[in-house]
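These notes are about the structure you will find just below.
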Amino acid sequence: MKNNQITNNQRIKATVLSIKFCLDNGAKSVVLMSHLGQPDGPFAVEFKSLLGKDVLFLKDCVGPEVEKACANPAAGSVILLENLHFHVEEEGKGKLWEQEAFRASLSTLGNVYVNGAFGTAHRAHSSMVGVSLPQKAGGFLMKKELNYFVKRPFLAILGGAKFADKIHLINNMLDKVNEMIIGGGTAFTFLKVLNNMETGTSLFDEEGAKIVKDLMSQAEKNGVKITLPIDFVTAEKFDENAKTGQATVASGIPKYAETVTWAKQIVWNGPVGVFEWEAFAQGTKALMDEVVKATSRGCTTIIGGGNTATCCAKWNTEDKIRHVSTRGGASLELLDGKVLPGVDALGNI
1 MKNNQITNNQ RIKATVLSIK FCLDNGAKSV VLMSHLGQPD GPFAVEFKSL LGKDVLFLKD
61 CVGPEVEKAC ANPAAGSVIL LENLHFHVEE EGKGKLWEQE AFRASLSTLG NVYVNGAFGT
121 AHRAHSSMVG VSLPQKAGGF LMKKELNYFV KRPFLAILGG AKFADKIHLI NNMLDKVNEM
181 IIGGGTAFTF LKVLNNMETG TSLFDEEGAK IVKDLMSQAE KNGVKITLPI DFVTAEKFDE
241 NAKTGQATVA SGIPKYAETV TWAKQIVWNG PVGVFEWEAF AQGTKALMDE VVKATSRGCT
301 TIIGGGNTAT CCAKWNTEDK IRHVSTRGGA SLELLDGKVL PGVDALGNI
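Structure follows, in structure tokens:
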């Protein structure tokens, strides 16, 4: 969202197939629960456009008026509830009886529960684990995301700003991948420890530095090749209009490209530079181009994570990648070997 305008409707589009399937296969109505947007936001209009039919927007997600509206809806109708996050009980906050009442109200709004929100399946939110209905299922998006993340082995590309956010993921994936590219701010901690590289004011994780050599030893033991960046764009300060230093990408980008070329499956999480600013976007853009080429050769390519998915939107590659995962947190936790509460709850009937 920017200035109350939808900048990327990917997550909305991803749910449309499940909505249409339900309506075409006997559902009288579909009630949509989500974490989308601000009060009175434009999402009902967007759903109407994608579905080709009217969408009734309710100004709350629980309570007597909502329950009444959902009790006997018009046949074929689609009802969009207000953002569940506007109630603290969605996140398990507030008094216990208020949380229970919130979950009980959600549970009156339908007869069948379909979870299509893979992006929040790693959180034990009320809408993920607290809707008590006799029939539960995963939506098509949920199935698609889970199926993509069980194929092994693959190349992992891990970027992003913070080393601490990637420690457990790197460690877990060393048991699964053949090769790993580490870029972005995450790479500086590796480079300073391994190469004694001067990193200036770039991000450096003092605690994380203590386990870098252990991670590299584990990689060597598992036969996993780690590829780190060898060239950079420098700047006098962290600013879009900062004066940039001279840096060549002639050697670094081909090195990444060679790594991408042989892969049969690629999972990419985290940009390898500040892609939002053109002066620093070339590395991420060049890597994206190589992943697109790999896709055209038949490689299964998966973009996992909000910022990396935004790269796809920025450079119009969403339809040139095999799969763009709608949210980062759930994909990271699944790759990290964790149980997703929202998925686990589908089996707890």
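For the record, in the sequence shown the residue sitting at position 298 is 298 according to our numbering, with numbers rising by one throughout.
In this text, a Cβ means the ideal position worked out from N, Cα and C, and glycines have one as well.
For clarity, every value in this text was computed on a predicted model and none was experimentally measured.
Requested in this report: Would you tell me roughly how many angstroms separate the C-alpha atoms of A345 and V131, rounded to the nearest one?
Outcome: For the purposes of this step, residue 345 is taken as residue 345 along the sequence shown, with counting starting at 1. For the purposes of this step, residue 131 is taken as residue 131 along the sequence shown, with counting starting at 1. Straight-line Cα distance between these residues: approximately 9 angstroms.
Query raised in the report: For A345, which three-state DSSP category applies?
Result: Walking along the sequence shown from the start, residue 345 turns up at place 345. DSSP, reduced to helix, strand and coil, places A345 within a helical segment of the structure shown.
Query raised in the report: Mind checking Q99: buried by the 16 CB within 10 Å criterion, or exposed?
Result: Taking the first residue of the sequence shown as position 1, residue 99 is located at position 99. Label assigned to Q99: buried.
Report task. Measure the C-alpha to C-alpha separation of V112 and W97 and round it to an integer number of angstroms. Result -> On the sequence shown, position 112 is the one that residue 112 refers to. On the sequence shown, position 97 is the one that residue 97 refers to. In a straight line, the C-alpha of V112 is about 24 angstroms away from that of W97.
Requested in this report: Express the C-alpha separation of K68 and K59 in angstroms, rounding to a whole number.
Outcome: Indexing the sequence shown from 1 puts residue 59 at position 59. Indexing the sequence shown from 1 puts residue 68 at position 68. K59 and K68: Cα-Cα distance of roughly 13 angstroms.
Requested in this report: For S18, name the three-state secondary structure that DSSP assigns.
Outcome: Mapped onto the sequence shown, residue 18 falls at position 18. In this structure, DSSP gives S18 a helical state, which the three-state scheme calls helix.
Query raised in the report: Do you know whose CA, among S107, G273, D214, S126, lies nearest P64's CA?
Result: By one-based count along the sequence shown, residue 64 stands at place 64. Comparing alpha carbon positions, the residue from S107, G273, D214, S126 closest to P64 is S107.
Report task. Determine, using beta-carbon pairs with one atom in the stretch 301-310 and one in the stretch 179-192, whether at least three such pairs fall under 8 angstroms. Result -> No, because fewer than three Cβ pairs between the stretch 301-310 and the stretch 179-192 fall closer than 8 angstroms, the two stretches do not touch.
Query raised in the report: Where do the ends of the beta strand (DSSP E) carrying K136 lie?
Result: Stepping through the sequence shown from its first residue, residue 136 is reached at position 136. Per DSSP, the unbroken beta strand (DSSP E) holding K136 starts and ends at 135-138.
Query raised in the report: Run through DSSP, which three-state label would G283 get?
Result: Looking up residue 283 in the sequence shown gives position 283. Correct three-state label for G283: helix.
Report task. Using the Cα positions of E179 and K144, report the straight-line distance between them to the nearest angstrom. Result -> Translated into positions along the sequence shown, residue 179 becomes position 179. Translated into positions along the sequence shown, residue 144 becomes position 144. Taking the CA atoms as reference points, E179 sits about 24 angstroms from K144.
Query raised in the report: Hey, out of G273, P42, T15, whose CA is closest to L51's CA?
Result: Locating residue 51 in the sequence shown gives position 51, where the first residue counts as 1. For the residues G273, P42, T15, the minimum Cα distance to L51 belongs to T15.
Query raised in the report: What are the partner residues of W277, as DSSP defines its beta bridges?
Result: Counted from its first residue, the sequence shown places residue 277 at position 277. Partner(s): none; W277 has no beta bridge.
Query raised in the report: Per DSSP, which one or two residues make a beta bridge with E179?
Result: The residue given as residue 179 occupies position 179 in the sequence shown. The partner list for E179 (beta bridge, DSSP) reads L155, K225.
**Report entry** L23 versus L340: straight-line alpha-carbon distance, rounded
**Finding:** Here residue 23 corresponds to residue number 23 of the sequence shown, with the count starting at 1. Here residue 340 corresponds to residue number 340 of the sequence shown, with the count starting at 1. Rounded to whole angstroms, the gap between the alpha carbons of L23 and L340 is 28 angstroms.
Query raised in the report: Applying the criterion that 16 or more other CB atoms from any shown protein chain within 10 Å of the CB defines a buried residue, is V30 buried or exposed?
Result: For the purposes of this step, residue 30 is identified with residue 30 of the sequence shown, where counting begins at 1. Looking at its Cβ environment, which holds 16 or more other Cβ atoms inside 10 Å, V30 is buried.
Requested in this report: Check W315 in the structure and name its three-state DSSP category.
Outcome: Start at 1 with the first residue of the sequence shown, and residue 315 comes out as number 315. Coil.
Query raised in the report: For V81 versus V66, is the C-beta distance shorter than 8 angstroms?
Result: Start at 1 with the first residue of the sequence shown, and residue 81 comes out as number 81. Start at 1 with the first residue of the sequence shown, and residue 66 comes out as number 66. The question names Val, yet the displayed sequence has Leu at residue 81. It is a contact, given that the beta carbons lie within the stated cut-off.
Report task. Can you tell me the Cβ-Cβ gap for L215 and I170, rounded? I've got them flagged as a contact below 8 angstroms. Result -> Here residue 215 refers to the residue found at position 215 of the sequence shown. Here residue 170 refers to the residue found at position 170 of the sequence shown. In this structure L215 touches I170 by the C-beta definition: roughly 6 angstroms separates them, less than 8 angstroms.
**Report entry** Distance CB(G94)-CB(G270) smaller than 8 angstroms
**Finding:** Numbered from its first residue, the sequence shown carries residue 94 at position 94. Numbered from its first residue, the sequence shown carries residue 270 at position 270. Result no, Cβ atoms of G94 and G270 do not sit closer than 8 angstroms.
Query raised in the report: Where does N25 fall in DSSP's three states?
Result: The residue you call residue 25 lines up with position 25 of the sequence shown. DSSP, read as helix, strand or coil, puts N25 in coil.
Query - Neighbour-count burial assignment, S296, 16 or more Cβ in a 10 Å radius - result: Looking up residue 296 in the sequence shown gives position 296. It counts as exposed.
**Report entry** Rounded C-alpha distance that separates F43 from A117
**Finding:** Counted from its first residue, the sequence shown places residue 43 at position 43. Counted from its first residue, the sequence shown places residue 117 at position 117. Roughly 16 angstroms between the two C-alpha positions.
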